[in-house]
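All remarks here apply to the structure that follows.
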Amino acid sequence: MDIHKFKVLVDLSRTLNYTDTAENLFTTQGNISKQILALEKDLGTKLFKRAHRRIELTSEGQLILPYAQKILKDYSEMTVKLAEFQASESSIIEMQTIPTMPSYQSFTLISQFLKAYPEIQIQLKEDESYNLLTSLKAGKCEIVFARTFDFNDNDLDRIIMEDDKFVAVLPYDHALAKSHELNLAELKNEKFLILGASTNLYEPVLQLCRKAGFQPKITYRGTRVDLIMQMVQNNMGVSVMTAKTAKQFANPSVAIVPLTSNINNKLCFIRVKGHHSQANDLFWNYVLNESNGGQNDSRIIN
Numbered sequence: 001m002d003i004h005k006f007k008v009l010v011d012l013s014r015t016l017n018y019t020d021t022a023e024n025l026f027t028t029q030g031n032i033s034k035q036i037l038a039l040e041k042d043l044g045t046k047l048f049k050r051a052h053r054r055i056e057l058t059s060e061g062q063l064i065l066p067y068a069q070k071i072l073k074d075y076s077e078m079t080v081k082l083a084e085f086q087a088s089e090s091s092i093i094e095m096q097t098i099p100t101m102p103s104y105q106s107f108t109l110i111s112q113f114l115k116a117y118p119e120i121q122i123q124l125k126e127d128e129s130y131n132l133l134t135s136l137k138a139g140k141c142e143i144v145f146a147r148t149f150d151f152n153d154n155d156l157d158r159i160i161m162e163d164d165k166f167v168a169v170l171p172y173d174h175a176l177a178k179s180h181e182l183n184l185a186e187l188k189n190e191k192f193l194i195l196g197a198s199t200n201l202y203e204p205v206l207q208l209c210r211k212a213g214f215q216p217k218i219t220y221r222g223t224r225v226d227l228i229m230q231m232v233q234n235n236m237g238v239s240v241m242t243a244k245t246a247k248q249f250a251n252p253s254v255a256i257v258p259l260t261s262n263i264n265n266k267l268c269f270i271r272v273k274g275h276h277s278q279a280n281d282l283f284w285n286y287v288l289n290e291s292n293g294g295q296n297d298s299r300i301i302n
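Quick note, the sequence shown lines up with residues 1 to 302 if you use full-length UniProt numbering.
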C-alpha cells in the first residue's frame, strides 16, 4: 500500500478541504480525490462524506485516522534510522590483510589515513593470503592487503605499494651467517622451518629450492613467523622467508642473508572493480596520492 495515501488522508482530515490539502502536498485537487478513492478501495470502506457542502470523516475514517497517523510517524522514524545506519555503514571499511602487515609501510599509511579522516573507521581482520581474494570476491570485505606474485584478473583493481624478496634466516653462529649473499644450494643439507601451505609463501620457497637443485627437508611448517625465528635461534634449522617480514622479527641471535637467486613479490591493496562506498573511494584515492605514484592496475593472483 502506498504510504502517500495515508499522508493525504491525515492532511485532508485536518483541512477538510481538497484545495487546501492539494496546496499543502504540492499537487492538484483532482489527484487528492483520486488518492482518497484509491485508499477507500484498498480498505474497502468509505472514509469521507459530504455534508452541507463540506466534507467530514465517516465513523470508519475516524477509526482509521489514528492508525494512519501512527503509520506515518513510524515510517518517518524508520527512514531517519535507516539513513543514520546507512551513513554509519558508509563510513566503515571492511579490510582483510596478511598477518605480517605491520612489517610493511602500508600499515603506517592506514594509521595516517585514520588521523586525516577520523570520521572513517577501518575494521581490520587478519587472514592467510590463501583466503584473502576468495573473501574479497565473496563480498566478505571491501579491500584486502595481500602479497602478489603472478597477477592477472580484469575484475580486480590493485595499488602496488612495495616490493619484497626472499632471504635466508640462519642461526647467528651458522657457518654461512656472515655471507654477503648465498646460493640456496648451500643449505640443501639443512633442516627447513618454513611457513606452510595456508600462506602463499610455501610454494615459492619450494620453487626456489628446486631451482637451486634440491628438495628441502622440511621439519616444520606453520603460520607463526615469531615461532620460526625462535626455532632458528635455537639451532633447530634454517628458514627462507620474505626480507621485510624477517627484518620485523629479527633479533641478535639470527642472521638474515640475501639470496643470489630470488622471486620478486609485490605488496598491494586490492579491491573489486565497480561501485564502492564513499569511504572506500576516499581511502583508495588517499593511498594513490600518498604512495609516491604507486601503480594502479587490474590483474589476478594465480
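Don't be surprised by glycine CBs; every beta carbon is placed ideally from N, CA and C.
For this session: Figure out for me which residue from 226, 236, 266 and 265 has the closest Cα to the Cα of residue 247.
Result: 226
Exercise. First and last residue of the beta strand (DSSP E) that includes residue 147?
Worked result: 143-148
Exercise. Could you check where the beta strand (DSSP E) with residue 95 kicks off and where it finishes?
Worked result: Segment 92-97, the beta strand (DSSP E) holding residue 95.
Problem set entry | the segment 267-282 contacting the segment 132-148, beta-carbon criterion three pairs below 8 Å | yes
Problem set entry | Sequence-distant residues of the same chain with beta carbon closer than 7 Å to residue 8, five excluded per side | Contacts found: 21, 25, 32, 35 and 36.
For this session: Can you grab the Cα-Cα spacing for the pair residue 155 / residue 62, in whole Å?
Result: When only Cα atoms are considered, residue 155 and residue 62 end up about 58 Å apart.
Exercise. Can you tell me where the beta strand (DSSP E) with residue 215 in it begins and where it stops?
Worked result: No beta strand (DSSP E) contains residue 215, which DSSP labels as neither H nor E.
Exercise. According to the neighbour-count rule (16 or more other Cβ atoms, all chains shown, within 10 Å of its Cβ), is residue 51 buried or exposed?
Worked result: exposed
For this session: Tell whether a beta-carbon distance below 9 Å holds between residue 170 and residue 177.
Result: yes
For this session: Give a yes or no on whether the minimum CB-CB distance between residue 24 and chain B is below 9 Å.
Result: The structure shown contains no chain B; it holds only a single protein chain.
Problem set entry | residue 345 in three-state terms, based on DSSP | With the chain running from 1 to 302 in the structure shown, residue 345 is simply not present.
Problem set entry | Among 81, 220, 43 and 212, the one whose alpha carbon lies nearest that of residue 195 | 220
Problem set entry | Distance between residue 44 and residue 115 (C-alpha atoms, nearest Å) | 59 Å
Problem set entry | DSSP-derived helix/strand/coil call for residue 51 | strand
Problem set entry | Residue ranges of each alpha helix (DSSP H) within the UniProt domain "HTH lysR-type" (1-58), 4 or longer | 3-15, 18-24 and 29-43
Problem set entry | C-alpha gap between residue 260 and residue 181, whole angstroms | 6 Å
Exercise. To the nearest whole angstrom, what separates the beta carbons of residue 126 and residue 99, a pair I think is in contact under 8 Å?
Worked result: 5 Å
Exercise. In terms of residue numbering, what span does the beta strand (DSSP E) encompassing residue 305 cover?
Worked result: Outside the shown range of the chain, which is 1 to 302, sits residue 305, and nothing can be said about it.
Exercise. Does the beta-carbon of residue 67 have 16 or more other beta-carbons within 10 angstroms, so that it is buried, or is it exposed?
Worked result: Classification of residue 67: exposed, given that the 10 Å Cβ count is below 16.
Exercise. When you compare only the Cα positions, how much space is there between residue 160 and residue 79?
Worked result: 41 Å
Exercise. Leaving out the 5 sequence neighbours to the left and right, which residues in its chain are closer than 6 Å to residue 6 when beta-carbon positions are compared?
Worked result: Around residue 6: 68, 71 and 72.
Exercise. According to the neighbour-count rule (16 or more other Cβ atoms, all chains shown, within 10 Å of its Cβ), is residue 310 buried or exposed?
Worked result: In the structure as shown, the chain begins at 1 and stops at 302. Residue 310 is therefore absent and cannot be evaluated.
For this session: Drop a sphere of 10 angstroms on the beta-carbon of residue 213, count the other beta-carbons inside from all chains shown, and report buried for 16 or more, exposed for fewer.
Result: exposed
For this session: Tell me where the alpha helix (DSSP H) around residue 127 begins and ends.
Result: Counting along the chain, residue 127 falls outside any alpha helix (DSSP H), and DSSP gives it neither H nor E.
For this session: Return the bridge partner residues of residue 242 from the DSSP annotation.
Result: 166
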